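Each remark here refers to the structure printed beneath this line.
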Amino acid sequence: MRVLIIEDEERLAQTLASLLKRSGYTTSIAGDGISGLTLAESRAFDAVILDAMLPGMNGFDVLCRMRADGNDTPVMMLTARSELADRVQGLNAGADYYLTKPFENEELLACLRTILRRGGAPAPDVLSFGDLTLTPSVSSLSCGDRTVSLSARELDLMQLLIRNSGQLLSKDTILRKVWGYDSEAGPNSVEAYLSFLRKKLNLLSSNVRISVTRNLGYKLEVKS
Ligand code: CA
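Its first residue numbered -6, the sequence shown is counted upward by one per residue in the numbering used here.
Encoded structure:
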């Protein structure tokens, strides 16, 4: 799960990031409203923690712009306790949750879990495409009676490909969704992991292949 933190108080942003990392989330930080909006608009995040008072563009305007653009990523808004009127303003702007500063770590994590649940259907136990069955809980990919295990990165990549099986995914999108913004991985990493997956598809003798459309991207398809 990837969480974007838009917060100009650097110490708070770092504290939040390490709290979330300890809880298994991947995080990115933006220190002002405009760069935060740009990152949020990439749609690479499962949730956004958004401070109300930000330089450049305030949190309410960031949220309004996101919603106006049809971006329904769950948003938790942070505001000082004194700014009670902002609570109403935040909810009107489309925040999924409103949390007043200061807050307890556990409270923030519980709110985050709540908005993440609201944001999308729970992940199914098993995903399938063509003759393939992917079981994320045990990192296994099966075809008929053959099964191979996947590394964590291969699993993320395979889930992304299956969940978006109808559409081409660019190398850049794959990089953002699987490796995240803070990673030092590049396009070569995407190619390397796609080739690992192709080898495993061959081992399974699956009828599914990862097709490539030059300069546009990759998708899963069933061999004809
Ligand atoms: Ca602030």
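A virtual CB, placed ideally from N, CA and C, is assigned to each residue, including glycine. All figures in this text were calculated on a predicted structure; none of them were measured in a lab.
Inter-residue spacing [alpha-carbon to alpha-carbon] between residue i and residue j
i, j, result
"residue 31", "residue 71", "19 Å"
"residue 50", "residue 43", "12 Å"
"residue 7", "residue 58", "25 Å"
"residue 161", "residue 108", "29 Å"
"residue 89", "residue 192", "42 Å"
"residue 203", "residue 47", "43 Å"
"residue 150", "residue 167", "7 Å"
"residue 9", "residue 185", "33 Å"
Residues bridged to residue i [DSSP beta-bridge criterion]
i, result
"residue 94", "73"
"residue 192", "Looking at the DSSP assignment, residue 192 forms no beta bridge with any residue, so it has no partner."
"residue 206", "210"
"residue 68", "41"
"residue 23", "-1"
"residue 139", "136"
"residue 154", "Beta-bridge pairing links residue 154 to no other residue."
"residue 127", "120 and 134"
"residue 162", "211"
Residue i: CB within 7 Å of a non-hydrogen atom of ligand 1
i, result
"residue 46", "yes"
"residue 214", "no"
"residue 138", "no"
"residue 2", "yes"
Residue closest to residue i, alpha-carbon to alpha-carbon, out of the options
i, options, result
"residue 163", "53, 183 and 210", "210"
"residue 68", "183, 135, 92 and 132", "92"
"residue 106", "207, 166, 215 and 16", "16"
"residue 153", "144, 214 and 171", "171"
"residue 122", "215, 0, 145 and 27", "215"
"residue 73", "53, 98, 45 and 52", "45"
"residue 101", "53, 41, 1 and 130", "41"
CB contact check: residue i to chain C, cutoff 8 Å
i, result
"residue 154", "Of the protein chains in the structure, only one exists, and it is not chain C."
Report task. Evaluate the contact criterion for the segment 153 to 161 versus the segment 16 to 23: three or more CB pairs, one atom per stretch, below 8 Å. Result -> Contact between the segment 153 to 161 and the segment 16 to 23 is absent, because fewer than three Cβ pairs lie under 8 Å.
Query raised in the report: On the three-pair Cβ rule with 8 Å, is the segment 179 to 198 touching the segment 120 to 140?
Result: Enough Cβ pairs lie closer than 8 Å, so yes.
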